[in-house]
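Encoded as structure tokens, the structure appears first; notes follow it.
Chains as they are written, first to last, in my numbering: chain A, 1 to 302; chain B, 1001 to 1288.
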């Protein structure tokens, strides 16, 4: 077997590249931050109220970069308007759903933030519920936009949205911890966020890491026991060309090291939690890279 | 009561209704008899000439391989093009209805609707789509939108076969209406064993092969069994033709993450050029 050699083929480019992977990371971090923001005003956990504003502003800031990336990534940037015109909108296209979500989610967040600033608990809760559904849906969409391509065997898994949402949760918390730490350095002592609260968030991040590891294990099992394409995809793409983002960046730097920091006595030190948060936020980008570019890699040689 | 084909069409999820075996409709299809293909690539040249296809992209191409071990060897070929699937994933996933399934079986692209998001390229399991580069010899032809094989609908509607079929010196490409029992393709389909690419995906391609070799049809195999020369050529191509999609990773080169950074840098460099186009469009709209 395998005695043949391919001697000529034309070459193809990867259709979605770095821009899309950065966009996936930003949306994830935004959704994760917003979940934390909603703890106080939507779910009624009062000790989280002081950080709601910082969290929702972080979420909005992350999302403001997204249209810049996406619109300039189009071949015809000005035609992004077509995505919203009724005569063009295509109900079965996942990107059509994504467009609706990406435009409505920041608007809902802005209104929510307005009510948080105005200290209006009723409307903050109502708009917060809508926003959290939109936040989760926007990130769910980034998982399914590549999942719903049967030809992309590394992406075509029902675990995709869960993997993305879990990654969003942990990277959002990681980023928020870093921002709150920086914020605490510049505000008056009475306005500082209590460190105990940040420690609690780090605990949630640790639970997220465990669930993420479980999902990655499931995905690993599926590819290991999968079709020829899945097995080879794992061997050639994930453990081959994309070994650094998959194995080192996502699993070692973004998962194993922060997990051990958060279960060991190191977590009692401020620097330990800050380091874990940084590693998680960076590590999740590794997943975005292999997910977007790795999923398309093999086919460019077909 | 709907007949069995109608039932099949309706039960296939969100896909466009197929034309396979539906009475009263045409289903243009191509059969490629690989026993007759000599790898001359006349089809590639004819297609390039017919549509003025820019450098670096192809609507049809011919893969080539060497099979067996000396002295039992054989050179094998496989022409590739859009499969004009009966259930095209690209049509389902396009967000602006830029691509559609024609009632006669063609999968076509509307350039004026395409925004260049490349969703269809990600969706297509056959690499049959490409983004037209920004630079093109004929400035009046579209750029930066997705393009694909049209099965030469402009010729077929006049009763002429597609240009690749006409140029094929060995008569390996056979084109016709699969729903017409008297057509050559229908007759071949009834007596020969046909294979299609990636049948497990359920796309129901309109391009099928006689005498296909799995070595050329298999995706991971196309990667693992490349010749040394082809590997080098591909790396050179990726290094020198960045294109307009920044996701290419060169094997054996810089570290993957360094290349990801370089790709982002490349993307940022395209923004001024695209911004100028947008600005020009506004100026044209307002003052001309």
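Yeah, the Cβ is synthetic: ideal placement off N, Cα and C, and Gly gets one too.
Treat the numbers as computed from the prediction; the structure is a model and nothing was measured.
field: Between the CA atoms of residue 84 of chain A and residue 1188 of chain B - distance to the nearest angstrom
entry: For this step, residue 1188 of chain B is matched to residue 188 along the second chain. For this step, residue 84 of chain A is matched to residue 84 along the first chain. Their Cα atoms are separated by approximately 46 Å.
query: If we count Cβ pairs, one from each stretch, closer than 8 Å, do we get three or more for the stretch 134-151 of chain A versus the stretch 1193-1205 of chain B?
result: yes
field: Collapsed DSSP secondary structure at residue 1178 of chain B in the structure displayed
entry: Along the second chain, one-based indexing puts residue 1178 of chain B at 178. Three-state DSSP puts residue 1178 of chain B in coil, outside helix and strand.
- request: Thinking residue 1125 of chain B and residue 1089 of chain B are a contact (beta carbons under 8 Å), I'd like their distance in whole angstroms, please.
  value: Along the second chain, read from residue 1 onward, the residue named residue 1125 of chain B stands at position 125. Along the second chain, read from residue 1 onward, the residue named residue 1089 of chain B stands at position 89. With a Cβ gap of about 7 Å, residue 1125 of chain B and residue 1089 of chain B count as contacting.
- request: Determine the direct distance from the alpha carbon of residue 249 of chain A to that of residue 282 of chain A, and round the result to whole angstroms.
  value: Here the question's residue 282 of chain A lines up with position 282 in the first chain. Here the question's residue 249 of chain A lines up with position 249 in the first chain. C-alpha separation (whole angstroms): 8 Å.
query: How would you write the range of the beta strand (DSSP E) that residue 1066 of chain B sits in, first residue to last?
result: Position 66 of the second chain, counted from the first residue, corresponds to residue 1066 of chain B. Taken as a continuous stretch (DSSP letters only), the beta strand (DSSP E) holding residue 1066 of chain B covers 1061-1069.
task: Please state whether DSSP places residue 234 of chain A in a helix, a strand or coil.
output: Start at 1 with the first residue of the first chain, and residue 234 of chain A comes out as number 234. Helix.
query: Which chain A residues are close to residue 1220 of chain B, counting only those with a beta carbon under 8 Å from its beta carbon?
result: Looking up residue 1220 of chain B in the second chain gives position 220. Result: 228, 229, 232, 233, 236 and 298.
query: Hey, residue 1121 of chain B and residue 1131 of chain B are a contact pair by Cβ (cut 8 Å); roughly how many whole angstroms apart?
result: Residue numbering aside, residue 1121 of chain B sits at position 121 when the second chain is read from its first letter. Residue numbering aside, residue 1131 of chain B sits at position 131 when the second chain is read from its first letter. Residue 1121 of chain B to residue 1131 of chain B, Cβ: 7 Å. Contact.
query: For chain B, is any of its Cβ atoms less than 8 Å away from the one on residue 15 of chain A?
result: Within the first chain, residue 15 of chain A is the residue found at index 15, counting from 1. It does; some Cβ of chain B falls within 8 Å.
query: Any contact of the stretch 1172-1183 of chain B with the stretch 1133-1150 of chain B, i.e. 3+ C-beta pairs under 8 Å?
result: no
query: At a CB-CB cut-off below 7 Å, which residues of chain A make contact with residue 1059 of chain B?
result: By 1-based counting over the second chain, the position of residue 1059 of chain B is 59. By Cβ distance, chain A contributes nothing, its closest Cβ being about 10 Å from residue 1059 of chain B, past 7 Å.
message: In the DSSP output, what is residue 299 of chain A paired with across the bridge?
response: Translated into the one-based positions of the first chain, residue 299 of chain A becomes position 299. DSSP, once it has assigned bridges, lists no residue as partnering residue 299 of chain A.
task: May I have the straight-line CA-CA distance separating residue 160 of chain A from residue 146 of chain A, to the nearest angstrom?
output: Mapped onto the first chain, residue 160 of chain A falls at position 160. Mapped onto the first chain, residue 146 of chain A falls at position 146. Answer to the nearest angstrom: the Cα atoms are 9 Å apart.
- prompt: Quick one: complete alpha helix (DSSP H) runs, 4+ long, within the stretch 100-155 of chain A?
  reply: 121-147
Exposure label - residue 1275 of chain B; buried when at least 16 CB within 10 Å: Within the second chain, the letter at position 275 stands for residue 1275 of chain B. Residue 1275 of chain B should be labelled exposed.
- request: On a CA-only basis, which of A/187, A/163, A/286 and A/224 is nearest residue 1260 of chain B? Give me that one, please.
  value: Here residue 1260 of chain B refers to the residue found at position 260 of the second chain. Among A/187, A/163, A/286 and A/224, the Cα nearest to that of residue 1260 of chain B is on A/286.
query: Are residue 173 of chain A and residue 201 of chain A close, meaning C-beta to C-beta below 8 Å?
result: The residue labelled residue 173 of chain A in the question sits at position 173 within the first chain. The residue labelled residue 201 of chain A in the question sits at position 201 within the first chain. Contact flag set, yes.
task: Using 10 angstroms around the beta-carbon of residue 195 of chain A, count the other beta-carbons present and answer buried if the total reaches 16, otherwise exposed.
output: The residue labelled residue 195 of chain A in the question sits at position 195 within the first chain. Burial call: exposed.
query: Using a C-beta to C-beta distance shorter than 9 Å, which residues of chain A count as neighbours of residue 1027 of chain B?
result: Mapped onto the second chain, residue 1027 of chain B falls at position 27. Near residue 1027 of chain B there are no residues of chain A at all, since even the closest Cβ is about 22 Å away, more than 9 Å.
- prompt: Residues in its own chain within less than 7 Å of residue 6 of chain A by CB, not counting five upstream and five downstream?
  reply: For the purposes of this step, residue 6 of chain A is taken as the residue at position 6 of the first chain. The answer is none, since no qualifying residue turns up.
Euclidean distance between Cα positions of residue 1159 of chain B and residue 1239 of chain B: Residue 1159 of chain B sits at position 159 when you count from the first residue of the second chain. Residue 1239 of chain B sits at position 239 when you count from the first residue of the second chain. The alpha-carbon atoms of residue 1159 of chain B and residue 1239 of chain B are separated by roughly 43 Å.
- prompt: For the stretch 1079-1110 of chain B, which residues have a CB atom closer than 9 Å to at least one CB atom of chain A, in sequence order?
  reply: 1080, 1089, 1091, 1092, 1093, 1094, 1095, 1096, 1097 and 1098
task: Determine the DSSP secondary structure at residue 1132 of chain B, reduced to helix, strand or coil.
output: In the second chain, counting from the first residue as 1, residue 1132 of chain B sits at position 132. Reduced to three states, the DSSP call for residue 1132 of chain B is coil.
message: What residue range does the beta strand (DSSP E) around residue 1099 of chain B cover?
response: Taking the first residue of the second chain as position 1, residue 1099 of chain B is located at position 99. Taken as a continuous stretch (DSSP letters only), the beta strand (DSSP E) holding residue 1099 of chain B covers 1099-1101.
- request: Please go through the same chain and pick out, in chain order, the residues whose beta-carbon is closer than 6 Å to the beta-carbon of residue 277 of chain A, but skip the five residues on each side of it.
  value: Locating residue 277 of chain A in the first chain gives position 277, where the first residue counts as 1. So the qualifying residues of the chain are 174, 177 and 178.
- prompt: So, using beta-carbon positions, are residue 101 of chain A and residue 48 of chain A closer together than 8 Å?
  reply: As a working mapping, residue 101 of chain A is identified with position 101 in the first chain. As a working mapping, residue 48 of chain A is identified with position 48 in the first chain. Contact: no.
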